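Novice: Residue numbers (this note's numbering), protein chains in the order written: chain C, 1 to 615; chain G, 616 to 1050. Every residue, glycine too, gets a C-beta built ideally from N, C-alpha and C. Predicted, not measured: the structure shown is a model, and the values here were computed from it.
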């Protein structure tokens, strides 16, 4: 308290902070970036360990024998799928029943707000089939889910085959204390969304589905299986879910532990783990893995069918079989044994997975960075905003001749009208609302007047509104008529800085990656933008660091990290499809990234843009 | 001045009416920051349903309102939205009139002091001018009506709005000098939530000051008035409690309302300090710490009354703030009431030291409450510690805010008697340090 109440020390501190403001800010920024990059360096990270007692010390045996039979079932499934030209519901129901499950179906229809060109769907109609294996050893109050998507073409047939094989095998075992639900969902996430909403009696996004006829207990954990070949070289674990939510780290630990035990190659972000952390290439490998995770998490979309489970407080992950040119192959029996082991351990759970971390980044499957380690990187960036705000506050207070701790300081000159601050704020937010609502509302009109498809219409309208927002400062000033004073922009900037700080802070708590990426690009412009900087240069920098351009860079960076670099042209097309996917994700699953960017971040950036053109 | 106030009222009522019709009206009453077990509308409805069925509303552990409130809503349940909007408007008007009257008194006192040349010469810039004081009442009303906290509280139909109205009327009657009405409203406020009991001291001090009775233990006139006021207060409190008894013909409500407030059995998270402590605490320490926590609310009355006995209205502000920070089930509506007074202390602005820090923290915390709640309850990824950390920070900021105003007020008074530019003995410039 001494610091807060002793005026002399306070004054010294304030003076120090205001005099050294710019260098401190630059230092903080560099330190923040360095800290973040340091997170991938192995000595700074923690080794993963199983925290959950029920899963750690207990021994289970994996004896699943019927890999070949599962593959045969998969081929049969493929044949029926081809014959029906979609989900072979009747065959699945019959097969699941013959394996002794209680089988139910759920049909759903969904009309997308505009056609999805990536997956070529608009009016979606489908059926989910699921069978429940009732727990023989305990009251049926809890359940586990194993799901496999029924995808178009020849994909994932093996996954469905293995699912049915496991169902038959699990049926003959007596260990189960939790219901096990085997789910084959059509139209990937849309089907999953319908099933989950049906299971939990909610309807958050206005889908149309039939109610579920059968139900197990409350779902504790779920795995989604994607398998497209008879043998695989490695299994990839996908964790990122809706809005960047991650399952409890113990689920990843469980997967890793069994891969080690059974001897299956396992990857995360498609990257194997390396042991040469002390070499440059080893470090850059870890950094790439982590950056991929950050980018995926920041996108806020579910990266596998498991992504929607997380919303219901169910720990879930996708396991994806990968078949590359490596010599070492794993057959389906082994994958079956792996899954059996994981389910046996999950079956032992006495309470929900909660012991381990929920906030983490993974530079490799056996290493993780927890919230306490990565938050300082964001904190260092966020503190810049607060320092600048403090500096402005002191400047605002000091503009009437010297306030010596309250004493002295005459009549304040009339402070800038509330109107001159409120107008830009309101107008920016109106632009944000337009960006949020208009693209979908005006697609029909755009299609009538321009030679574009609906999807293009939506994306191009969004980009047009985004660009049109740049012309706003001139109009704002016409409304104000000479209200722009020196003090005016300072107050506006103070508001914008605090607004951005709170906004980024909240975002980083929910989705660290998104918050951090936005902070990386927005903090420098927020910190150093004034009406007195050279206009053309600052404007160029501001546009280059605007949220839209950040998204563009992220697309290129993501492709680069995935080792599938794209040309400028392709990158641009990808950028357009990412925008349309973002809007679709919001409409279909309630992802929050698009509204966050349109309604809050973009207006905030416009405020800063306004300051640059302050007259 | 009536026109701007009317306009303000219309704007405020429009905002509330729009929100009542929007989808937010279902979301807001679920927020723990806005409603507490004491004043949630859901519970009032439940109590009414029980009453209609002929069951005591206090059967079970849901309803904790006073009997008068339930009978009040028994008649106006269909107009609940209008009642809550009117309560807010009434509070604002009462505060407006009270502050206007108070400002007149302050100005008159200042004029006498100036004529008597009681202020040091270099203090002229501390003297308040009619120009700057002109808009203060309007600002007070605006701070109350347009404060997001008040709006949230009103849209949630939290009965906190009614309690605020009662306290505002009490302040108005006190400032106007009507001791009977003041005592009645104070009794009503106490009857509603116990804690306003501590407002007895400032009200008494103010009324004494108004009647030019010095606070002197040896004077019989002092004792006479004190007894008179205490009698009025206790009498009306007694009438209310008895009336409640006759309405329900049982004493159930005492334990269900006051016992519930004082023993804090419901540990639903809120923005206060109680829930986490008592959720974590071993059962056998509970009684002791409940006493400590509850005494904390009442304890500050004595030192503050002694320190601020010349400034009872500021003391009222301090007391309301302390109540809203330390009470067992605080909601944002309580905070809104004391925040409405901040414009009345505009002249202290230059002496405030941490206002920037405090306002940033309050702002950030208000935004973080729903975020951390989401992470804890819905996403399941954070836990109660995250939420409580923000609660703690929020309360620390509030305490800093209040103590900052307290310090600034004392400092201004100090300057008014000793001169603005203090010199040390050796002639160099001195600064005041709070230790």
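1. Does the CB of residue 642 of chain G have a neighbour CB from chain C at under 8 Å?
2. So which residues of chain C does residue 994 of chain G contact, with C-beta pairs closer than 9 Å?
3. So, helix, strand or coil for residue 701 of chain G, using DSSP?
4. For the alpha helix (DSSP H) holding residue 337 of chain C, just list the boundary residues, first then last.
5. Going by Cα to Cα distance, which pick from G:1030, G:946, G:1029 is closest to residue 644 of chain G?
6. So with Cβ pairs under 8 Å, would you call residue 506 of chain C a contact of chain G?
7. Assuming residue 369 of chain C is part of the beta strand (DSSP E), what are its boundary residues?
8. Could you name each continuous alpha helix (DSSP H) segment of 4 residues or more that falls completely within the segment 660 to 742 of chain G, going from the start of the chain to the end?
9. Can you round the beta-carbon distance between residue 133 of chain C and residue 180 of chain C to whole angstroms, since I take them to be within the 8 Å contact cut?
10. According to the Cβ coordinates, are residue 848 of chain G and residue 798 of chain G closer than 8 Å?
11. So, residue 734 of chain G versus residue 951 of chain G, is the Cβ gap smaller than 8 Å?
12. Give me the chain C residues within the contact set of residue 760 of chain G, using Cβ-Cβ distance strictly less than 7 Å, ordered along the chain.
13. If we ignore side chains and look at the alpha-carbon of each, how far apart do residue 466 of chain C and residue 615 of chain C end up?
14. Please state whether DSSP places residue 322 of chain C in a helix, a strand or coil.
15. Give me the chain G residues within the contact set of residue 498 of chain C, using Cβ-Cβ distance strictly less than 7 Å, ordered along the chain.
16. By alpha-carbon positions, which one of C:596, C:48, C:532, C:537 ends up nearest to residue 508 of chain C?
17. On a Cα-Cα basis, can you pick out the residue from G:824, G:1020, G:768 that is closest to residue 792 of chain G?
18. Using 8 Å as the threshold, is the C-beta distance between residue 712 of chain G and residue 623 of chain G below it?
19. I'd like to know if residue 124 of chain C contacts chain B, where contact means its C-beta is closer than 8 Å to some C-beta of that chain.
20. Could you compute how far the alpha carbon of residue 242 of chain C sits from the alpha carbon of residue 698 of chain G?
21. Using alpha carbons as the reference points, say which of C:526, C:548, C:552 lies closest to residue 26 of chain C.
22. Using the three-state DSSP reduction, which class does residue 1050 of chain G fall into: helix, strand or coil?
23. If you check the beta carbons only, do residue 974 of chain G and residue 816 of chain G fall under 8 Å apart?
24. What do you get for residue 20 of chain C, buried or exposed, if any count of 16 or more other CB atoms within 10 angstroms of its CB means buried?
25. Quick one: is residue 393 of chain C near chain G, going by C-beta distance under 8 Å?
26. Between which residues of its own chain and residue 357 of chain C is the CB-CB distance below 6 Å, once the five residues before and five after are set aside?
27. Going straight from the alpha carbon of residue 74 of chain C to that of residue 96 of chain C, what length do you get?
28. In whole angstroms, what is the alpha-carbon distance linking residue 380 of chain C and residue 1007 of chain G?
29. Return the CA-CA distance between residue 933 of chain G and residue 867 of chain G, expressed in angstroms with no decimal places.
30. Just the chain C side, please: which residues come within less than 8 Å of residue 620 of chain G by C-beta, in chain order?
31. Would the beta-carbon of residue 584 of chain C fall within 8 Å of that of residue 193 of chain C?
32. Express the C-alpha separation of residue 17 of chain C and residue 411 of chain C in angstroms, rounding to a whole number.
33. Go ahead and pull the three-state DSSP assignment for residue 890 of chain G.
34. Quick one: any contact between the segment 49 to 56 of chain C and the segment 247 to 265 of chain C, if contact means 3 or more CB pairs under 8 Å?
35. Which chain G residues sit within Cβ distance under 8 Å of residue 390 of chain C?
36. Under a CB-based cut-off of 8 Å, is residue 982 of chain G close to chain C?
Specialist: According to the data block:
1. No, its Cβ sits nowhere closer than 8 Å to a Cβ of chain C.
2. In chain order: 243, 245, 310, 311, 313, 358, 510.
3. Helix, per DSSP.
4. Secondary structure note for residue 337 of chain C: its alpha helix (DSSP H) is the uninterrupted segment 332 to 347.
5. Residue 644 of chain G has its Cα closest to that of G:946, out of G:1030, G:946, G:1029.
6. Interface residue, yes.
7. Start and end: 367 to 370.
8. If you keep only unbroken alpha helix (DSSP H) runs of at least 4 residues inside the segment 660 to 742 of chain G, you get 682 to 691, 695 to 730.
9. Going by Cβ atoms, the distance from residue 133 of chain C to residue 180 of chain C rounds to 4 Å, so yes, they are a contact pair.
10. Contact: yes.
11. Between residue 734 of chain G and residue 951 of chain G, the CB-CB gap reaches or exceeds 8 Å.
12. Chain C residues near residue 760 of chain G: none, gap ~16 Å exceeds 7 Å.
13. So the alpha carbons of these two residues sit roughly 23 Å apart.
14. Of the three classes helix, strand and coil, the one that applies to residue 322 of chain C here is strand, per DSSP.
15. Correct list: 975, 978.
16. Minimum Cα-Cα distance from residue 508 of chain C among the listed residues C:596, C:48, C:532, C:537 corresponds to C:596.
17. Of G:824, G:1020, G:768, the residue nearest in Cα terms is G:824.
18. No, Cβ-Cβ distance for residue 712 of chain G and residue 623 of chain G is not below 8 Å.
19. Note that chain B does not occur in the displayed structure, where the protein chains are C and G.
20. Taking the straight line from one Cα to the other gives about 42 Å.
21. The candidate whose alpha carbon is nearest that of residue 26 of chain C is C:526.
22. Caution applies to residue 1050 of chain G, whose pLDDT of 49 falls short of 50 and renders its modelled position unreliable; the model cannot decide the point.
23. No.
24. Here residue 20 of chain C is exposed, its C-beta having fewer than 16 other C-beta atoms within 10 Å.
25. Chain G, which has a Cβ nearer than 8 Å to the Cβ of residue 393 of chain C, makes this yes.
26. Here residue 357 of chain C has 249, 370 as same chain residues with Cβ atoms under 6 Å from its own Cβ, once five neighbours each way along the sequence are excluded.
27. Roughly 13 Å between the two C-alpha positions.
28. Each residue's alpha carbon lies about 23 Å from the other.
29. Within the model, the alpha-carbon separation for residue 933 of chain G versus residue 867 of chain G is close to 33 Å.
30. Listed by position along chain C, the residues whose Cβ is nearer than 8 Å to that of residue 620 of chain G form an empty set, because the closest Cβ is around 18 Å away.
31. Not in contact: residue 584 of chain C and residue 193 of chain C (Cβ atoms no closer than 8 Å).
32. Residue placement at residue 411 of chain C cannot be trusted, given a pLDDT of 36 that sits under 50; the coordinates are not used to answer.
33. DSSP places residue 890 of chain G in helix when its eight states are reduced to three.
34. Yes, they touch.
35. By Cβ distance, chain G contributes 971.
36. Answer yes: the Cβ-Cβ gap between residue 982 of chain G and chain C drops below 8 Å somewhere.
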